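Residues 1 to 225 in UniProt numbering are what the sequence shown spells out, letter by letter. Glycine included, every Cβ here is placed at the ideal spot set by N, Cα and C. All figures in this text were calculated on a predicted structure; none of them were measured in a lab.
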Amino acid sequence: MAIRHWPAAERPREKLLAQGPEALSDAELLAIFLRTGVRGRSALDLARELLARFGGLRPLLDAPPAAVCALPGLGPAKYAQLAAALELARRHLQERLRRGEAVTDPAAAARYLAARLRHRPREVFACLFLDARHRLIAYEELFTGTIDGAQVHPREVARRALAHNAAAVIAAHNHPSGVAEPSAADRALTRRLAEALALLEVRLLDHFVVGDGEPCSLAQLGLLP
1 MAIRHWPAAE RPREKLLAQG PEALSDAELL AIFLRTGVRG RSALDLAREL LARFGGLRPL
61 LDAPPAAVCA LPGLGPAKYA QLAAALELAR RHLQERLRRG EAVTDPAAAA RYLAARLRHR
121 PREVFACLFL DARHRLIAYE ELFTGTIDGA QVHPREVARR ALAHNAAAVI AAHNHPSGVA
181 EPSAADRALT RRLAEALALL EVRLLDHFVV GDGEPCSLAQ LGLLP
């Protein structure tokens, strides 16, 4: 049965308007984006099949264009719309961390860093450089590694902090595995970063590990010196 013939309370679009987008499942949100299904399958059926085929929403959104465009019900036009929607979401988060504005909400910084790093297939280490009032100076990706690690040099982070005349730094890196639990190496790196920056009177405010869920804050875990 086509979605338009379902009871209004069960249709994804009507449900979103009545209850808000957070009330919808991944499949329902994807069905709204797809708009139409294919012969014999509704948009919601197709959305569920796509999520099952790729193993979830994140693998689907991270899949290469050719793999997505080749699927029934998608194609280049829908892929372009999906990529544009993702970029709009990232830019929306970036608006809350405009250059020259104070970073007063750690959760906003974490969401922004997650949007920049979560989809990356390799481990990437990045920093937000802040002035004495914690206003954003710059975002930089400093190191890129493999699927399970990146070699990070605290002296290079310190050098970039000096170049920006930064007073504080928020560091972050992703775990492509999706598991945001900090490793022993992550904990040791955090200590080394804090010590190296402290010699320059630059404060390491936090180090986020980005995975599938909420980013893990090493500051909240009490792991910053």
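ask   = Going by Cα to Cα distance, which pick from 221, 46, 155, 120 is closest to residue 64?
value = 120
key: Reference residue 200, options 216, 219, 163, closest by Cα   = 163
task = Could you spell out the range, first to last residue, of the alpha helix (DSSP H) harbouring residue 155?
result = 154-163
ask   = Out of 41, 107, 62, 89, which has the shortest C-alpha to C-alpha gap to residue 178?
value = 62
Per-residue DSSP class, three states only, for residue 63 = coil
ask   = Using the C-alpha atoms, what's the distance from residue 126 back to residue 103?
value = 16 Å
ask   = beta strand (DSSP E) containing residue 141: first to last residue?
value = 136-144
message = Is the beta carbon of residue 31 closer than 8 Å to that of residue 12?
response = yes
Residue 31 - containing alpha helix (DSSP H), residue span = 26-34
request  = Starting from the C-beta of residue 33, find all residues in its chain whose C-beta is less than 6 Å away, skip the five residues before and the five after it, and write them out in chain order.
outcome  = none
message = Between the alpha carbons of residue 118 and residue 176, how many angstroms are there, rounded?
response = 7 Å
request  = Please report the residue range of the beta strand (DSSP E) in which residue 206 lies.
outcome  = 203-210
query = What separation, rounded to the nearest whole angstrom, lies between the Cα atoms of residue 113 and residue 169?
reply = 13 Å
request  = Using beta-carbon positions only, say whether residue 219 and residue 197 come within less than 8 Å of one another.
outcome  = no
key: Residue burial classification, residue 213 (beta-carbon count within 10 angstroms, cutoff 16)   = exposed
message = Is residue 36 close to the ligand GDP? I mean its beta-carbon at under 7 Å from any heavy atom of the ligand.
response = Looking at this structure, you won't find the ligand GDP or any other ligand, since it has none at all.
ask   = Are residue 193 and residue 157 close, meaning C-beta to C-beta below 8 Å?
value = yes
request  = Give the single residue among 107, 154, 203 whose Cα lies nearest to the Cα of residue 210.
outcome  = 107
Separation of residue 73 from residue 1, as counted between CA atoms = In this prediction, residue 1 has a pLDDT of 48, which is less than 50 and means its spatial position is unreliable; what the coordinates show is noted afterwards. If I take the Cα positions, the gap works out to 17 Å.
ask   = In terms of residues, what are the limits of the alpha helix (DSSP H) holding residue 189?
value = 184-198
task = Go ahead and pull the three-state DSSP assignment for residue 173.
result = strand
request  = Could you tell me which residues DSSP puts in a beta bridge with residue 38?
outcome  = 41
message = Report the CB separation of residue 28 from residue 50 in whole angstroms; it is logged as a contact under 8 Å.
response = Actually they are not in contact, since the Cβ atoms of residue 28 and residue 50 sit about 13 Å apart, beyond 8 Å.
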